[in-house]
Amino acid sequence: MADPIIQIEKLSKQFVSGKQTKKVLENVNLTINPGEFISIIGPSGCGKSTLLRIMGGLDTDYEGSVYFENGPIKGPGRERGFIFQDHRLLPWLTVEENIKFSLPESTENVEKIIVENLEIVGLQDVRKAYPKQLSGGMAQRVSIARALSNQPKILLLDEPFGALDAITKMHLQEEMLRLWEMEQITMIIVTHDIEEAVYLGQRVIVMDTQPGRIKQSYNIEQSIPRSRVSPEFHRQKDKIYKEFFEEKLQTFYYTI
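Below you can see the structure in the form of structure tokens.
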């Protein structure tokens with residue numbers, strides 16, 4: 587079996603503000619294997635986005651160990667692509683210029699890279715357009731093409747579809763599954779949407795809060811192609827809801 591692509595051991599993280607200290611993550615242990623599609627879900631404030639930022643090297647102030655391919659993560663790297671909720675395209679650059687801007691100056695065959703990655707997301711016809719000329723879904727697809735242009739081994743997605751309408755969101759979920767199957771990239775998505783987590787993930791990591799910790803890990807069995815209306819899909823979605831979120835709701839209503 588291949589070595590893990592991400593290995594997290596005894597990870598804890600706290601934020602200090604003045605005299606106050608808030609523990610965000612506590613004793614998180616997680617192994618992610620190459621080629622997996624992992625969904626991380628949990629309530630607001632459980633530290634799931636912080637966990638993703640640590641895996642991406644965007645936050646290095648923590649206790650414990652986080653490894654990428656057996657080496658400690660010391661900062662951001664092009665082998666780990668990051669896609670945020672907002673597309674973060676530079677508005678004064680065209681689509682192709684945004685992709686080119688993300689590449690190292692020493693990159694060869696830049697034109698080929700731009701064309702190939704825009705073709706992957708189906709946007710080869712808008713390469714001369716500016717971000718303001720794109721819909722929200724199209725702009726997010728450009729951000730995906732931009733991340734893919736660096737040939738990452740892993741894509742980290744922080745609620746990338748949260749600001750989109752329902753139809754566009756479903757379409758881009760299908761796109762991500764297609765990319766995952768085609769490119770064989772490890773993908774980790776943070777989401778607050780149970781249905782999205784189950785539909786995309788091979789494994790769903792459920793986090794608890796105060797402080798953030800992993801509560802449960804579910805292996806998801808899906809038919810190929812995946813179906814949002816299959817009994818198996820709804821069974822697995824309902825299992826996560828009943829075993830975690832209903833417990834939270836019961837606690838809430840009991841305390842009021």
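For what it's worth, this note's numbering labels the leading residue of the sequence shown as 587, then goes sequentially. Each residue gets a CB set at the ideal place from its N, CA and C atoms; glycine is no exception.
So, is the C-beta of residue i closer than 8 Å to a C-beta in chain D?
i: glycine 722; result: The chain labelled as chain D is not found in the depicted structure, where only one protein chain is given.
Out of the options, state which residue places its alpha-carbon closest to the alpha-carbon of residue i.
i: arginine 799; options: Gly621, Gly631, Gln593; result: Gly631
i: arginine 666; options: Lys698, Ile771, Ser721, Gly787; result: Ile771
i: arginine 664; options: Tyr785, Ile826, Gln802, Pro738; result: Pro738
i: aspartate 744; options: Ser598, Gly723, Tyr716, Leu637; result: Leu637
i: methionine 756; options: Tyr648, Gly723, Tyr716, Asp824; result: Gly723
i: proline 677; options: Pro662, Asp711, Leu720; result: Leu720
i: aspartate 645; options: Glu761, Leu611, Ile706; result: Leu611
i: glutamate 622; options: Leu763, Ile640, Val815, Asn684; result: Leu763
i: tyrosine 785; options: Tyr648, Gln802, Ser816; result: Ser816
i: glutamine 710; options: Glu682, Ile810, Glu829; result: Glu682
Express the C-alpha separation of residue j and residue i in angstroms, rounding to a whole number.
i: arginine 727; j: lysine 605; result: 43 Å
i: asparagine 613; j: leucine 597; result: 5 Å
i: isoleucine 774; j: serine 735; result: 18 Å
i: aspartate 532; j: isoleucine 659; result: This structure cannot settle anything about residue 532, because the visible part of the chain is limited to 587 through 842.
Who are the Cβ neighbours of residue i in its own chain at under 6 Å, not counting the five residues just before and after it?
i: tyrosine 653; result: Gln593
i: glutamate 769; result: none
i: glycine 657; result: none
i: glutamate 818; result: none
Are residue i and residue j close, meaning C-beta to C-beta below 8 Å?
i: isoleucine 826; j: valine 792; result: yes
i: glutamine 671; j: alanine 749; result: yes
i: leucine 741; j: alanine 733; result: yes
i: leucine 550; j: isoleucine 806; result: Past the boundaries of the shown model lies residue 550; the chain is included only from 587 to 842, so the question cannot be answered.
i: threonine 680; j: arginine 639; result: no
i: glutamine 759; j: glutamate 782; result: yes
Looking only at its own chain, which residues have a Cβ that is under 8 Å from the Cβ of residue i, when we skip the five neighbours before and after it?
i: lysine 634; result: Ile626, Ile627, Gly628, Val776, Met793, Gly798
i: leucine 689; result: Val696, Ile699, Ser735, Asn736
i: isoleucine 780; result: Ile627, Lys823, Ile826, Tyr827, Phe831
Counting only the same chain and skipping the five closest in sequence on each side, list residues whose C-beta sits under 7 Å from that of residue i.
i: threonine 754; result: Gly722, Gly723
i: tyrosine 840; result: Confidence at tyrosine 840 is low in this model, with a pLDDT of 43, below 50, so the placement of that residue should be treated as unreliable; the coordinate-derived value is given next. Here the set comprises nothing.
i: glutamate 595; result: Asn615, Gly650, Ser651
Could you round the C-beta distance between residue i and residue j to whole angstroms and report it? I think they count as a contact, below 8 Å.
i: histidine 778; j: serine 729; result: So it is not a contact: roughly 20 Å between Cβ atoms.
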